Amino acid sequence: MSFSDRNGALCAEEVPLEEIARRFGTPCYVYSRAAIESAYREFVAALDGRDALVCYSVKANSNLAVLALLARLGAGFDIVSGGELARVMAAGGEASKTLFSGVGKTAAEIELALKSGIGCLNVESPAELERIAGIAARLGRRAPIALRVNPEIDARTHPYISTGLRESKFGVPHAAAKGLYLAAARMPELELVGIGCHIGSLLVEPGPFVAAATRMAELVDNLAAAGVRLRHIDVGGGIGIRYKADDPAAPIGAFVRDTLAALGNRPERLIVDPGRSIVGNAGVLLTRVEYVKPGAARNFLVVDAAMNDLIRPPLYGAWHEVRPVRQSDAPSAVYDVVGPVCESADFLAKDRALAAKAGDLLAILSAGAYGMVMSSNYNSRPRAAEVLVHGRHADLVRRRESLAELFAGEQIPG
Ligand code: LLP
C-alpha cells in the first residue's frame, strides 16, 4: 500500500507523513511514486500484445516530476494547452507521443505544437480545422490530425465532468464527423492520423466507455469504405477511482480488457488517455488542524488547507476521505473540516466522525488528481508545496510559493 499505517502513524510508502510535515510544512501535497508506477503498469499489462499507447492526461497532475516519471516509463501525453506542452517538453516527454485536445486552441498554440513535432492535434470543430490547415500551409508542414468525435453517449457521471452528451461543447457531432473527415482529406496540409473521443470523467463501469469505443470503430470502418484510412483510435480517459472504500469502481484492467474485446483484432493503434486513474489514489493533501471550533449547529475542524488548495469538494460535492495521521487522544465528534478562506463553500469534508485537536495532522486522501492543478491563490494564499516519495526518500518537487511571488507580476501605475 502506498499510504498505510506503520507503527501507529500514516506513512507515504516508508516515510511518515509527520516527517514530511516537519521538513516541508503544511499544507502539502504528497505523492507516492510506487502508486503512480503501479497504476501506469496496470494499463500496460492489460494492453499487452496490442499496438497501443497510454497518453497520460497532463491536466490531472502536471508536476514536472510526475511527468518525468511517466515519460521514463514510456508514456505519451494528452495535453490541452501550450503550457502543458511546455511542461511535457521540460520533463523530457516526446512531442511525437503527445496529443493536443481542447476546443479553443489558439493560433500560437497550434504553431507551437506543429513546430514541436506534435503527434496529433485533436480537432474539435470545422473552424479549427481551417485554422490548422492555414497555419500548416504557412509553416510549410503537414499537420497530423484526428477529429474528436462526440459519440453522444451518456457517461452517467457528474454533469460538470460529463463531456459526451449532445449538448456538450466538446467534439464534432457524430453525424457530422464523416463529412468533415472527407473535407479534411482534400486539404493537402493535413495528415489524417486518427480519431478520438472522451465521454467524461470518473466513470464507474466500462459499459459507456466501451460503447463509445465501438462507435469510433464503426466510424473508422465507414471512413475506410470511403477511402479514408486512420491509424489510431483514441478512446479517451475517464476511468474512475475509489474515493470511498465502498465506491463502485471497475479496475483499470476491466476497462481495457472490455474495450479490447469489443474492438477485436483491428489494425489501428489503440490510445487511452487516463489522468485520474494514474495519479488520483497516489496523492494526499497533508494539513494541520489550527482550531477546533464547536458550534451551535455544527462542529468545525479549522485546518490550514482550504478550497484554494483542493476545490473538488465545493465544486463537485466530491467526497475525499479524511484520515488522522496518528490516532488522537482527543474525544471523537462529528465535524466539518474547513479552511480559513472567507467563503461558506470553503470545506474539504462534511459530517465526519473524527478525533482531533489543534496541532494534529490530517491527510485528505485520493487528492493526487485535480488537486494541486486546480489550486489558486484566492485570499492571497501561497500555493502548497508538493513532495514525491520513493521508498524511504521524500523529495520536494515544488516548493511552497512565497508571499513575494504572489504579486511579483503586479505593478502600481505611476
Ligand atoms: N481526455 C480528455 C479529452 C479529457 O477531457 C480528460 C479530462 C481526460 C482525458 C482525463 O480524464 P480522467 O482520466 O482524468 O478522468 N476536474 C474534474 C475532472 C475534469 C476532467 C476533464 N477532462 C475533477 O476534479 O473531477
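Just so it is clear: in the sequence shown, position 256 is 382 by the working numbering, and no numbers are missing. Glycine residues also receive a C-beta, built at the ideal position from the N, C-alpha and C atoms. Every value quoted in this text rests on a predicted model; they were computed, and no experiment measured them.
Pair within 9 Å by beta-carbon distance, residue i and residue j
i    : j    : result
L474 : Y369 : no
R395 : I359 : yes
N187 : M498 : yes
D239 : G218 : The question names Asp, but residue 239 is Ala in the sequence shown. No, the Cβ-Cβ distance between A239 and G218 is not below 9 Å.
L412 : P450 : no
V464 : L480 : no
P377 : E416 : no
P440 : A489 : no
G401 : A172 : no
Same chain only: Cβ atoms within 6 Å of residue i, ignoring 5 sequence neighbours per side
i    : result
V180 : F169, A201 and V398
G364 : G326, S327 and L329
A408 : Y157, S158, A161, I162 and G494
G366 : L328, L329, V330 and A375
N425 : A459 and Y461
G208 : E235 and L238
For residue i, three-class secondary structure by DSSP
i    : result
E416 : strand
K241 : helix
G379 : helix
S183 : strand
A520 : strand
N505 : helix
H324 : coil
D347 : helix
G362 : coil
K476 : strand
I397 : strand
Proximity to residue i [Cα-Cα], best of the options
i    : options                   : result
A375 : L529, R132 and T283       : T283
Q478 : S242, Y504 and D462       : Going by the sequence as given, residue 478 is Arg instead of Gln. The shortest Cα separation from R478 among S242, Y504 and D462 belongs to D462.
A302 : V249, A233, A263 and N503 : V249
V206 : I244, V448 and I261       : I244
V192 : A171, V214, G209 and A178 : V214
D521 : A178, N189 and S164       : N189
V429 : A422, R148, A172 and V418 : V418
G406 : Y155, D131, V141 and E145 : Y155
H516 : A135, L136, V141 and V275 : V141
A178 : R148, P393, A311 and K231 : P393
G443 : A422, K476, A431 and A423 : K476
H519 : L143, L199 and G208       : L143
R198 : G208, K185 and K223       : K223
Proximal residues to residue i (C-beta, below 8 Å), its chain only, five neighbours per side dropped
i    : result
P508 : R526, E527, S528, L529, E531 and L532
A339 : C323, I359, V361, T385, A388 and L389
A233 : R257 and I261
A272 : L225, C246, L247, N248, V249, L318, V319, G320, I321, G322, L356, H358 and D360
S458 : A479, L480 and A481
S251 : V229 and V298
Beta-carbon proximity list for residue i, same chain, < 7 Å, skipping 5 on both sides
i    : result
E315 : A259, A262, A263, R268 and A269
I437 : M500
F150 : A511, V513 and L522
N505 : N434, V467 and C468
W445 : Y369 and K370
R176 : L386 and L396
Through-space distance from residue j to residue i, alpha-carbon basis
i    : j    : result
K241 : A221 : 10 Å
D174 : S183 : 20 Å
Y307 : M313 : 10 Å
I236 : A456 : 56 Å
E344 : K295 : 23 Å
V346 : A352 : 10 Å
R167 : K483 : 40 Å
A335 : E139 : The displayed chain sequence assigns Phe, not Ala, to residue 335. Using only the alpha carbons, I get a separation of about 32 Å.
Cβ of residue i within 9 Å of any chain D Cβ
i    : result
Y461 : Included in the structure is just one protein chain, with no chain D present.
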